[in-house]
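S.K.: Protein chains in written order, with the numbering used here: chain U, 515 to 880; chain G, 515 to 880; chain R, 515 to 880; chain F, 515 to 880.
Positions of the beta carbon are idealized from the N, C-alpha and C atoms, including for glycine.
Number of protein chains: 4
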Amino acid sequence: MRADVLRFGLPDPGDVSGLRSAIESGAVDPHSIAAVIGKTHGNGLVNDYTRGYLAQSLSQLISEKTGETPQAVRQRIPLIFSGGVEGVLSPHYTVFTIGEDPSPPNGKALAIGVGFTPDLNPEDIGRRRQIDLTAAAVQDAMNEAAIDEAADVHFVQVKGPAFALADIIASERRGAAPVTDNPGKLVGCGRAASALGVGKALGEIASDRAVERAALKDFGAYSAVASCSAGVEVRANEIMVLGMSDKWSGPLIATHAAMADALDIGAIHGAIRSLDFSSNGQLSAEQARRLRVGFVKCEASRDGLVRGKPHAMLNDGDIDQQRHIRAAVGAIVASVVNDTALFVSGGAEHQGPYGGGMIALIAERG
Amino acid sequence: MRADVLRFGLPDPGDVSGLRSAIESGAVDPHSIAAVIGKTHGNGLVNDYTRGYLAQSLSQLISEKTGETPQAVRQRIPLIFSGGVEGVLSPHYTVFTIGEDPSPPNGKALAIGVGFTPDLNPEDIGRRRQIDLTAAAVQDAMNEAAIDEAADVHFVQVKGPAFALADIIASERRGAAPVTDNPGKLVGCGRAASALGVGKALGEIASDRAVERAALKDFGAYSAVASCSAGVEVRANEIMVLGMSDKWSGPLIATHAAMADALDIGAIHGAIRSLDFSSNGQLSAEQARRLRVGFVKCEASRDGLVRGKPHAMLNDGDIDQQRHIRAAVGAIVASVVNDTALFVSGGAEHQGPYGGGMIALIAERG
Amino acid sequence: MRADVLRFGLPDPGDVSGLRSAIESGAVDPHSIAAVIGKTHGNGLVNDYTRGYLAQSLSQLISEKTGETPQAVRQRIPLIFSGGVEGVLSPHYTVFTIGEDPSPPNGKALAIGVGFTPDLNPEDIGRRRQIDLTAAAVQDAMNEAAIDEAADVHFVQVKGPAFALADIIASERRGAAPVTDNPGKLVGCGRAASALGVGKALGEIASDRAVERAALKDFGAYSAVASCSAGVEVRANEIMVLGMSDKWSGPLIATHAAMADALDIGAIHGAIRSLDFSSNGQLSAEQARRLRVGFVKCEASRDGLVRGKPHAMLNDGDIDQQRHIRAAVGAIVASVVNDTALFVSGGAEHQGPYGGGMIALIAERG
Amino acid sequence: MRADVLRFGLPDPGDVSGLRSAIESGAVDPHSIAAVIGKTHGNGLVNDYTRGYLAQSLSQLISEKTGETPQAVRQRIPLIFSGGVEGVLSPHYTVFTIGEDPSPPNGKALAIGVGFTPDLNPEDIGRRRQIDLTAAAVQDAMNEAAIDEAADVHFVQVKGPAFALADIIASERRGAAPVTDNPGKLVGCGRAASALGVGKALGEIASDRAVERAALKDFGAYSAVASCSAGVEVRANEIMVLGMSDKWSGPLIATHAAMADALDIGAIHGAIRSLDFSSNGQLSAEQARRLRVGFVKCEASRDGLVRGKPHAMLNDGDIDQQRHIRAAVGAIVASVVNDTALFVSGGAEHQGPYGGGMIALIAERG
């Protein structure tokens with residue numbers, strides 16, 4: 515098997531002409547699409563409908579090309595979108611395909627696996643059920659990807675459900691109260707539980723720490739490869755695992771690094787060096803073309819400090835903290851990798867070190 | 515003469531206890547204060563009252579300590595504040611003092627000069643009067659600083675007036691219509707005219723290009739050392755010039771660099787190298803202590819692209835473009851200089867290259 | 515012919531289950547749908563993608579049920595959505611159908627006509643071409659609706675194109691510069707020109723005042739029935755005319771009133787009285803059920819005053835003025851008509867008196 | 515004694531020229547000022563510094579005129595400001611004075627009393643200590659005002675402390691964790707506890723329900739006269755009680771009404787009728803001049819519905835729910851009383867019925 519990764523610009527969540535052209539030109543076989551991950555124009559919060567819009571646009575395009583129903587497309591292919599292209603970031607989506615490769619494997623190459631939990635209700639979010647179902651689905655995805663060791667996993671994207679107020683109230687009324695009645699806060703609980711599930715599956719977090727009471731409390735428990743987000747447009751945790759496997763072939767390799775804090779530019783330099791880039795501050799335009807996709811998780815540090823100086827992100831009533839930190843950390847990464855079409859997601863609860871986050875990159879072999 | 519530069523954290527625009535303690539301990543002679551420049555908690559737009567609040571707090575503190583009236587303090591000392599500490603940025607203010615130095619000058623050292631235009635009306639903003647009065651005031655400030663050559667000027671901060679809608683309408687009613695009736699847009703016109711004035715004074719822009727019709731049109735005309743902002747709390751262009759002069763002594767040196775675009779991390783590395791820092795990506799915490807203050811100007815590129823990829827800043831109805839770009843470029847600079855208490859200001863019309871901006875740094879000699 | 519008007523709640527722009535159920539139960543014949551107008555969850559500004567999302571959702575639903583392509587649905591049926599449900603307002607969409615009526619007309623009844631201009635380019639917006647094409651399309655729609663006299667027209671909705679920065683720049687590059695390079699401001703120019711076109715078609719504005727140079731200048735020229743908005747999801751001016759005609763039958767009647775300013779609650783009371791409601795401040799819940807749909811246009815007064823006291827809407831860098839005024843005027847109307855699912859749209863340039871706007875209501879005969 | 519109430523427009527939080535002129539003309543004796551309540555330009559959330567700015571401006575003005583220190587002014591006079599003039603609302607401040615009256619009392623007239631709790635720490639907010647200290651301070655203020663019966667109290671304003679993240683973390687570190695580490699949520703807890711304290715003092719809430727565990731839970735427990743807000747600029751609960759007392763004289767009278775929900779325009783009409791206004795929808799300009807001040811509390815209903823239809827306020831990541839609801843309910847009240855300089859405050863936890871709020875008005879006798 516051989517994985518490929520293609521990135522397309524997104525002029526508007528209703529405009530998927532990039533993938534359409536690629537399918538129509540034969541560059542992408544729509545049956546080979548295993549997952550799509552992207553960054554849309556919205557605010558990345560509960561009332562962000564650009565994620566659902568792009569999912570609708572893509573599921574219809576793929577449906578039109580494969581003959582599946584749009585519903586079947588959505589059940590087969592994780593369509594994982596995060597809103598918020600603050601600062602220099604550029605809206606885009608990345609298509610992951612899995613094809614046959616006649617040439618035999620030659621060492622390890624990029625491997626992809628996907629998984630889904632059963633549907634989750636508002637009362638499951640942030641709770642044991644979400645943790646454990648996520649862990650199981652990650653294990654399934656690793657098996658599918660034929661990744662033998664957790665150390666070969668470089669990125670696990672989880673997109674779980676968010677619920678608007680009406681759903682939360684409906685749950686309360688049937689006697690199944692969610693952990694909070696605040697829609698925005700419930701999203702954070704969901705990211706936390708999902709990350710604990712990833713860490714549990716990969717052995718990064720011991721089973722007795724990957725538990726409900728650790729969520730948003732025991733921040734020493736984290737996964738360095740998890741990237742979790744949520745949106746009202748999905749109902750199950752949708753999971754994509756990226757790693758290296760000797761059962762796969764092709765030119766693509768993956769790497770990742772934990773980011774200790776928002777200014778940890780050293781981690782970014784380390785990640786690109788591990789992909790055999792030589793860099794003196796910023797990849798050249800030519801080098802940057804070797805990069806296929808970059809994933810970043812980040813958060814506004816909960817102690818209100820960055821390197822000992824106060825930030826204002828958590829006191830802000832005008833701009834959500836996630837929008838602040840995506841703009842900041844996204845720009846730092848973009849300035850090093852010389853590319854603004856990055857998947858940068860806020861809310862890094864248990865996803866990388868407390869106050870920091872993680873970065874994962876896929877590139878062609880140098 | 516000897517210039518000194520002290521930076522204080524700002525917990526709240528009403529809390530100037532940092533400077534108060536420094537005065538009361540004898541570390542700062544309040545009579546020696548020549549200018550204060552800072553970054554406050556507000557949105558940095560027309561309805562940002564944190565700048566005026568801090569100006570009120572500081573003018574009262576200094577008044578209390580020198581015996582001047584608060585009004586006299588404001589007329590003597592430029593109090594130049596810019597709102598907006600997006601992302602990792604940290605609210606702070608920097609006090610510039612000028613004292614006697616018994617030791618003779620030994621080569622060039624940091625020199626400071628200040629200047630004021632007469633009061634400006636709404637109808638002056640963006641127009642020839644603002645350009646020419648600014649140029650004259652910059653020349654006065656250079657003379658005061660005993661900076662002989664324009665090449666020795668590394669930073670010119672201009673804070674000019676902004677006007678809320680009521681002022682604009684009052685001007686229209688007395689037959690003196692401003693260049694636009696949009697308060698936010700008028701601010702941009704004022705930054706443009708101020709920058710053209712700086713560039714004219716320093717010979718960076720030829721006199722026949724430093725004219726009213728060039729404002730917001732001829733973006734090839736720019737100053738690489740100008741940083742212009744505006745606020746409703748001032749009525750004249752208040753100007754501070756920083757440069758190097760052999761009439762001054764002391765350990766401080768200044769540098770600057772034009773930034774070609776928002777991702778021009780090379781310019782930042784260049785600026786710190788010119789201060790004799792060796793850096794492999796980020797100053798160490800120890801190195802960073804040698805840095806006294808950093809000034810950055812930046813803007814969302816008007817062609818909607820960063821390195822060829824679309825950004826979303828200029829289409830955004832929720833977050834002003836200036837808040838986006840400050841978060842982004844501020845973070846990039848912070849990640850290199852390992853310091854978040856930076857004066858980062860958006861709206862770089864004619865202040866550095868089109869789509870880019872500038873950076874100026876003051877440090878102790880290495 | 516007989517017009518019907520059905521309103522559906524909108525849980526999410528991707529959820530058109532209300533209309534789906536109505537079609538599947540036989541309550542709505544999808545072939546009879548003449549227009550859909552609705553209010554979506556977004557910010558109502560340039561980067562509001564909820565309008566396009568709902569248009570995609572509805573065009574696909576109708577396509578699925580009629581066998582037309584989605585593109586054909588969009589060319590046949592104006593799908594006119596305005597973003598922004600601030601304050602108490604509730605997201606919804608209203609379906610207008612035209613059916614046969616075996617019973618003969620008996621006096622005047624609600625009549626509906628639709629029209630489209632050719633596609634408009636960025637450089638057409640705010641200009642003579644947009645004014646004149648709109649006027650012609652309004653006339654076509656009146657003819658289609660068999661409304662003989664302009665006095666029988668109670669509401670003309672125009673939805674025209676908005677353009678993001680990339681489109682504006684592309685126009686400039688091919689030598690066809692739009693009237694402004696600011697995407698948000700261009701939207702206002704488009705509303706203004708569209709309203710002038712409506713007023714010209716209906717004789718509310720003399721031909722020599724319904725001209726390009728009047729746009730955003732001569733605010734004495736206005737239409738009391740025009741409601742104009744714009745979005746990136748359309749490329750032509752799409753027009754729906756509602757009025758009374760003796761060629762139509764059915765129980766529905768329409769009315770409208772100009773609102774002199776944001777607090778003109780008297781105009782609202784007048785409009786409901788003209789529908790034979792007796793009211794002492796607020797319609798009862800039973801009375802409110804007779805109301806089928808309400809349309810409101812409003813604006814933040816450009817002189818910065820409401821009844822002589824300053825408002826802060828036009829100085830605000832955090833919340834767009836349209837969001838402020840929709841929240842305010844929408845609530846006032848809702849408090850009188852006892853209904854929050856109202857189509858309230860900001861930006862009332864030449865749509866009702868300067869600083870005010872208009873209200874139109876459709877109800878069952880009392 | 516005789517109470518007077520004077521309202522001044524606020525062009526800018528640094529511009530208190532209205533009161534300055536009134537003092538300098540002899541219209542206001544600065545020693546007679548008992549409280550100032552106002553509505554400023556900020557967002558009304560944690561990072562709103564316009565409240566502190568106005569408090570600083572006023573305390574300096576009064577200090578200058580009375581010879582007290584600014585600190586003494588603040589300890590003597592509650593300076594209670596709420597940010598957020600959304601929609602049609604107008605920034606202003608209202609000065610309450612207490613003077614001697616040679617004429618004997620003749621029936622009941624407006625009476626004013628003020629009170630302060632001791633300073634509160636972050637860990638006190640939302641807890642029993644805040645409830646009980648508030649109740650005691652309300653009782654003190656009633657005694658001072660010589661209001662004998664709770665039924666004669668028409669308005670109790672409480673302004674308590676808000677804490678930014680740094681304060682919350684400092685409390686946690688010294689082992690005194692606040693009820694939440696979210697600065698915005700802590701504000702809501704403080705309003706809730708303060709309102710429970712008011713209701714307890716006035717007998718509106720039984721002692722066994724005015725307890726910590728009722729806060730933000732038992733919403734059936736409410737005060738119909740409490741209006742509670744919080745800001746970083748105060749450290750104690752500052753309290754002003756307004757009511758009617760036969761120990762006072764003068765022309766002013768007060769009234770109040772509970773608002774059942776955001777559309778309860780009937781309550782507003784009821785309140786103005788109780789002040790002997792005849793109204794058919796809106797006070798005339800002449801009638802409105804009789805009104806001295808209006809106070810409104812409101813909230814976005816927590817069940818997500820207004821009159822059975824969904825609102826979007828609690829899902830919104832761009833505009834805080836308080837800004838939405840102030841714009842909406844403020845406009846409804848303004849449209850009835852024909853005045854936009856109203857004190858409208860969001861966050862009505864236990865202040866009026868669940869999902870509603872309250873209105874209090876002071877007017878000259880009709």
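(1) Can you confirm whether U/P824, when its beta carbon is compared against all beta carbons of chain F, has any partner nearer than 8 Å?
(2) Expressed to the nearest angstrom, what Euclidean distance is found between the alpha-carbon atoms of U/M872 and U/G621?
(3) So is F/K811 buried or exposed if we call it buried at 16+ other beta carbons inside 10 Å?
(4) Taking only the alpha-carbon atoms, compute the straight-line gap between G/E663 and G/A517 and give it to the nearest angstrom.
(5) What residues match up with R/P824 in a beta bridge as DSSP calls it?
(6) Quick check on F/A855: buried or exposed, where buried means 16 or more other Cβ atoms within 10 Å of its Cβ?
(7) Quick one: give me the first and last residue of the beta strand (DSSP E) that R/L520 is part of.
(8) Taking the alpha carbon of F/V851 as the reference point, which residue from F/H864, F/Q801, F/G869 has its own alpha carbon closest?
(9) Do F/L593 and F/N751 have their CB atoms nearer than 8 Å?
(10) Touch check for the stretch 840-851 of chain G and the stretch 784-804 of chain G: three-plus C-beta pairs under 8 Å?
(11) Would you kindly check if the distance between the Cβ of F/M773 and the Cβ of F/G870 is under 8 Å?
(12) Step through the CB atoms of chain G and report whether any lies within less than 8 Å of the CB of R/A744.
(13) Along the stretch 593-605 of chain F, where does the CB come closer than 8 Å to a CB of chain R? Name the residues.
(14) Does the separation of the CB atoms of R/T648 and R/V672 fall below 8 Å?
(15) If you draw a straight line from the C-alpha of U/A728 to the C-alpha of U/A735, how long is it?
(16) So which of R/I537, R/S577, R/F595 has the shortest CA-CA distance to R/G745?
(17) Looking only at its own chain, which residues have a Cβ that is under 6 Å from the Cβ of F/F733, when we skip the five neighbours before and after it?
(18) Kindly indicate the opening and closing residues of the alpha helix (DSSP H) around R/I682.
(19) Going along chain G, which residues have a C-beta under 9 Å from U/V739?
(20) Exposed or buried, what is R/P632 when buried is set at 16 or more other beta-carbons lying within 10 Å of its beta-carbon?
(21) Quick check on DSSP: helix, strand or coil for F/R641?
(22) Are the C-beta atoms of R/N794 and some chain U residue less than 8 Å apart?
(23) DSSP on G/V701, reduced to helix/strand/coil?
(24) At 9 Å on the CB atoms, spell out the chain F contacts of U/L559, in chain order.
(25) If we cut at 8 Å on Cβ distances, does F/G818 have a partner in chain U?
(26) Can you pull the chain F neighbours of G/E747, defined as C-beta to C-beta under 9 Å?
(27) So which residues on chain G does F/Q836 lean against when the C-beta distance must stay under 9 Å?
(28) Can you tell me whether G/S792 is buried or exposed? The criterion is at least 16 other CB atoms within 10 Å of its CB, across all chains shown.
(29) Report buried or exposed for F/S604, applying the criterion of at least 16 other Cβ atoms within 10 angstroms of its Cβ.
(30) Would you mind telling me which residues of chain G sit closer than 7 Å to U/H555, beta carbon to beta carbon, in chain order?
(31) Specify, as a first and last residue, the run of the beta strand (DSSP E) that R/Q671 falls within.
(32) By DSSP, does G/S531 sit in helix, in strand, or in coil?
(33) For U/I753, which of U/V725, U/G540, U/D654 has the nearest alpha-carbon?
(34) So which residues of chain R does U/G566 contact, with C-beta pairs closer than 8 Å?
(35) So for U/E747, helix, strand or coil by DSSP?
M.R.: In this structure, then:
(1) Residue mapping note: residue 824 of chain U aligns to position 310 of the first sequence, counting from 1. Closer than 8 Å to some Cβ of chain F, the Cβ of U/P824 qualifies, so yes.
(2) Within the first sequence, numbered from 1, the residue matching residue 872 of chain U stands at position 358. Within the first sequence, numbered from 1, the residue matching residue 621 of chain U stands at position 107. Taken atom to atom, the span from the alpha-carbon of U/M872 to that of U/G621 is near 26 Å.
(3) As a first step, residue 811 of chain F is located in the fourth sequence; it is residue number 297 there, counting from the start. Buried, since its Cβ has 16 or more Cβ neighbours within 10 Å.
(4) Position 149 of the second sequence, counted from the start, is the residue given in the question as residue 663 of chain G. Position 3 of the second sequence, counted from the start, is the residue given in the question as residue 517 of chain G. When the Cα atoms are used, G/E663 and G/A517 turn out to be separated by approximately 18 Å.
(5) Within the third sequence, the letter at position 310 stands for residue 824 of chain R. Its beta-bridge partners are R/L819.
(6) Residue numbering aside, residue 855 of chain F sits at position 341 when the fourth sequence is read from its first letter. By the 10 Å Cβ count, F/A855 comes out buried.
(7) Residue 520 of chain R sits at position 6 when you count from the first residue of the third sequence. Going by DSSP, R/L520 is part of the beta strand (DSSP E) stretching over 516-523.
(8) The residue you call residue 851 of chain F lines up with position 337 of the fourth sequence. Measuring from the Cα of F/V851, the nearest candidate turns out to be F/Q801.
(9) Position 79 of the fourth sequence holds residue 593 of chain F. Position 237 of the fourth sequence holds residue 751 of chain F. No. Outside cutoff.
(10) Verdict: yes, contact present.
(11) Mapped onto the fourth sequence, residue 870 of chain F falls at position 356. Mapped onto the fourth sequence, residue 773 of chain F falls at position 259. Cβ atoms of F/G870 and F/M773: closer than 8 Å.
(12) Residue 744 of chain R sits at position 230 when you count from the first residue of the third sequence. No, R/A744 does not count as interfacial toward chain G.
(13) Hits within the stretch, in order: V599, E600, G601, V602, L603, S604, P605.
(14) Translated into positions along the third sequence, residue 648 of chain R becomes position 134. Translated into positions along the third sequence, residue 672 of chain R becomes position 158. Contact check for R/T648 against R/V672 passes: the beta carbons are separated by less than 8 Å.
(15) Here the question's residue 728 of chain U lines up with position 214 in the first sequence. Here the question's residue 735 of chain U lines up with position 221 in the first sequence. Rounded to whole angstroms, the separation of the alpha carbons of U/A735 and U/A728 is 8 Å.
(16) Position 231 of the third sequence, counting from 1, holds the residue named residue 745 of chain R. Checking every option, the nearest Cα to that of R/G745 belongs to R/F595.
(17) Taking the first residue of the fourth sequence as position 1, residue 733 of chain F is located at position 219. These residues qualify, in order along the chain: Y868.
(18) Position 168 of the third sequence holds residue 682 of chain R. Counting along the chain, the alpha helix (DSSP H) containing R/I682 begins and ends at 679-687.
(19) Counting from one through the first sequence, the residue named residue 739 of chain U turns up at place 225. Correct list: empty, because the minimum Cβ distance to chain G is about 22 Å.
(20) Here residue 632 of chain R is taken as the residue at index 118 of the third sequence, counted from 1. R/P632 is exposed by the Cβ-count criterion.
(21) For the purposes of this step, residue 641 of chain F is taken as residue 127 along the fourth sequence, with counting starting at 1. F/R641 falls in the coil class under three-state DSSP.
(22) On the third sequence, residue 794 of chain R is found 280 positions in, with the first residue counted as 1. Answer no: the Cβ-Cβ gap between R/N794 and chain U never drops below 8 Å.
(23) The sequence position of residue 701 of chain G within the second sequence is 187, counting from 1. Helix, per DSSP.
(24) For the purposes of this step, residue 559 of chain U is identified with residue 45 of the first sequence, where counting begins at 1. Listed along chain F, the residues sitting closer than 9 Å to U/L559 by beta-carbon distance are N829, D830, G831, D832.
(25) Residue 818 of chain F sits at position 304 when you count from the first residue of the fourth sequence. For F/G818, the answer is yes, since a Cβ of chain U falls inside 8 Å of its Cβ.
(26) The sequence position of residue 747 of chain G within the second sequence is 233, counting from 1. Taking a Cβ-Cβ cut-off of 9 Å, the neighbours of G/E747 in chain F comprise D526, G528, given in sequence order.
(27) For the purposes of this step, residue 836 of chain F is taken as the residue at position 322 of the fourth sequence. Ordered by position in chain G, no residue passes the 9 Å Cβ test against F/Q836, which lies about 17 Å from the chain.
(28) Position 278 of the second sequence, counted from the first residue, corresponds to residue 792 of chain G. With fewer than 16 Cβ atoms within 10 Å of its Cβ, G/S792 is classed as exposed.
(29) On the fourth sequence, position 90 is the one that residue 604 of chain F refers to. It is buried - the Cβ of F/S604 has at least 16 other Cβ atoms within 10 Å.
(30) The sequence position of residue 555 of chain U within the first sequence is 41, counting from 1. Under the 7 Å cutoff, chain G gives A826.
(31) Position 157 of the third sequence, counting from 1, holds the residue named residue 671 of chain R. Under the DSSP assignment, R/Q671 falls in the beta strand (DSSP E) whose first and last residues are 667-675.
(32) The sequence position of residue 531 of chain G within the second sequence is 17, counting from 1. Reduced to three states, the DSSP call for G/S531 is helix.
(33) Mapped onto the first sequence, residue 753 of chain U falls at position 239. Among U/V725, U/G540, U/D654, the Cα nearest to that of U/I753 is on U/D654.
(34) By 1-based counting over the first sequence, the position of residue 566 of chain U is 52. Those are D526, P527, G528, Y567, listed as they occur along chain R.
(35) Counting from one through the first sequence, the residue named residue 747 of chain U turns up at place 233. In the structure shown, U/E747 sits in coil (DSSP, three-state: anything other than H, G, I, E or B).
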